[in-house]
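Data block below; observations after.
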Amino acid sequence: MDFTQSQLRILEMIKNKNKISRKRIAEELELTPAAITKSIEPLLQCGIVLEVSQRESTGGRRAIDLSLNKYWVGKILGISLTPTSLVISVGNVAGEIVKTKSYKISEDKELIDYLETIIEKELEEEKGIKVISMAITGLINSEKGVIIFSPHYKRKKIDIRDRIEKRFKLPTLIENDVRAMALTEKYFGGAQDSENYVVLNVSEGIGSSIFVNGNLLSGHGFISGEIGHVVMDRSSLRRCSCGKRGCLEAEASNKAIINRLVSMIKLNNYSSLKEKLNTKGTIGILDVLQGVKERDFLSTKVSTEAMVIIAHSIDMIISLINPEKIILVGELFKENLLLNTLKLELQKVTLEEQKYDLIVSNMLDEMHTYNPISVVRHNLFKKNMWRDEV
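Just so you know, numbering that gives the first Met the number 0 puts 252 at position 253 of the sequence shown, and the rest follows in order with no gaps.
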């Protein structure tokens, strides 16, 4: 169905607000009641929009809200591709998830071939899938459906959407994983009432995503938000996955913290994690956080120093963008000692006039499940993101 400009504005508002009355739409879009009726009636008839939740209005009459039909698009097969895992979710644009599953990514497997095998398996098990959506780590051209570059995959410029659509004959969307996090926060998380916010993700790597005046910022070339590759220490010898030295990601990511801690233990610095390292040959970020919780000196020292560096990167974000909120995503932010270190350092370096809310995402444990679902919701009425034929 081709939409008029008025219909597109109305649909975007309903999508962003979940439920909204005709009266409020008219007020916010500055349209007459007659124009609203003319635009909405065809949307009701074709089932894109539904009338829902009658409620008491201020005048005593029953007001009827409008909402998107969560079944209009159909079932979505969501795929979140991280450096170490492939997370599958099946759900609809309302965020109702009916299935989740996780697969380990093995270095000896060709990733795209493996991905196609998993998709084929899931489509056989889950009937009625209408859309495939992927949130992927790396530089992603979401309009063309191309992985421009990712340090975790062995090739550049992978036309993944074309390959998936040709094989499975289903419309496919792809998006950068951290930009998808911003969408998840917008539709299901802590930014539902915000138009200007930044998501900062600290995990294996570090990245950010930016909402400005209600719009997701992709940037020229689709590589906005790559704060992990801003050099924070020009004298550092630590090399980043991008090839530079001293990047935020090389200094303060989970991987950086673990690498530094392991190196210091091997130099005979005491840590309660030494026995675990000797037994397993490796440690993970949860081990480090347990060390912090138990006040292991070395774990705490390395982690708090990383928090100070992250605080200075957030100061840059605040000074450049002036967001209403900064939403933190990552295991590190679950530990109060580290979060308080971050907040105290921020207080030292930010101006008193720079007002912002610093919050930890309430979607931490479900982020990868919701990310691809949020990508579909965001692009529902963006014609340039969908091909006419698959």
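Just so you know, even glycine gets a beta-carbon here, dropped at the ideal spot from N, CA and C.
- Note on the region 172 to 205: whole beta strand (DSSP E) runs with a minimum of 3 residues are 196 to 201, in chain order.
- Runs of alpha helix (DSSP H) with 4 or more residues, each lying fully within the region 210 to 258, are found at 247 to 251, listed in chain order.
- Within its own chain, the residues whose Cβ lies closer than 6 Å to the Cβ of Leu331, once the five positions on either side in sequence are excluded, are Val201, Leu337, listed in chain order.
- DSSP, reduced to helix, strand and coil, places Ser271 outside both helices and strands of the structure shown, so it counts as coil.
- In this structure, Ala179 keeps its C-beta atom at 8 Å or more from the C-beta atom of Val375.
- Within the region 55 to 98, the runs of beta strand (DSSP E) that reach at least 3 residues and sit entirely inside it are, in chain order, 61 to 67, 74 to 80, 84 to 90.
- Leu247 has its alpha-carbon roughly 22 Å from the corresponding atom of His219.
- Looking at the backbone, the Cα of Ile358 and that of Val51 are separated by about 32 Å.
- Gln6 counts as buried, since at least 16 other C-beta atoms from the protein chains shown sit within 10 angstroms of its C-beta.
- Listed in chain order, the non-local C-beta contacts of Val230 below 7 Å within the same chain comprise Lys243, Gly245, Cys246, local neighbours out to five positions each way being set aside.
- Within the model, the alpha-carbon separation for Lys382 versus Asp112 is close to 29 Å.
- Annotation for Phe296: the continuous alpha helix (DSSP H) segment containing it runs 296 to 320.
- Beta-bridge pairing by DSSP links Asp356 to Lys324.
- Between the C-alpha atoms of Glu203 and Glu29 there is a straight-line separation of about 46 Å.
- In summary, Lys185 is buried, with 16 or more beta-carbon neighbours lying within 10 Å of its beta-carbon over all protein chains present.
- Bounds of any alpha helix (DSSP H) do not take in Asn17, whose DSSP letter is neither H nor E.
- In its chain, beyond the 5 residues on either side, Ser79, Val86 have a beta carbon closer than 6 Å to the beta carbon of His367.
- Here the alpha carbon of Thr31 sits roughly 15 Å from the alpha carbon of Gln4.
- Here the alpha carbon of Leu110 sits roughly 8 Å from the alpha carbon of Ile104.
- Of the other Cβ atoms in all chains shown, 16 or more fall within 10 Å of the Cβ of Ser208; this residue is therefore buried.
- Around the CB of Cys239, 16 or more other CB atoms lie within 10 Å, so the residue is classed as buried.
- The residue among Ile139, Asn277, Ala34 with its C-alpha nearest the C-alpha of Ile264 is Asn277.
- Secondary structure note for Ile282: it is in no alpha helix (DSSP H), with a DSSP letter that is neither H nor E.
- The residue among Val261, Arg237, Cys241 with its C-alpha nearest the C-alpha of Glu250 is Arg237.
- Per DSSP, the beta-bridge partners of Val51 are Asp64.
- When rounded, the separation of the alpha-carbon atoms in Leu288 and Lys126 is 41 Å.
- By the neighbour-count definition (other C-beta atoms within 10 Å, threshold 16), Arg154 is an exposed residue.
- According to DSSP, residue pairing for Asn140 in a beta bridge involves Val145.
- In the structure shown, the three-state DSSP call for Ser105 is coil.
- Annotation: Ile117 is outside any beta strand (DSSP E); the continuous alpha helix (DSSP H) that includes it extends over 110 to 124.
- Ala134 is bridged by DSSP to Ser79, Glu174.
- Assignment of Lys265 by DSSP, reduced to helix, strand and coil, places it in the helix class.
- Distance from the Cα of Ser20 is smallest, within the candidate group Pro82, Asp1, Ile63, Glu40, for Ile63.
- Contact between Glu304 and Ser271 does not hold, since their C-beta atoms are separated by about 18 Å, which reaches or exceeds 8 Å.
- Taking the Cα positions, Asp192 is about 29 Å away from Thr171.
- Contact check for Ile326 against Val198 passes: the beta carbons are separated by less than 8 Å.
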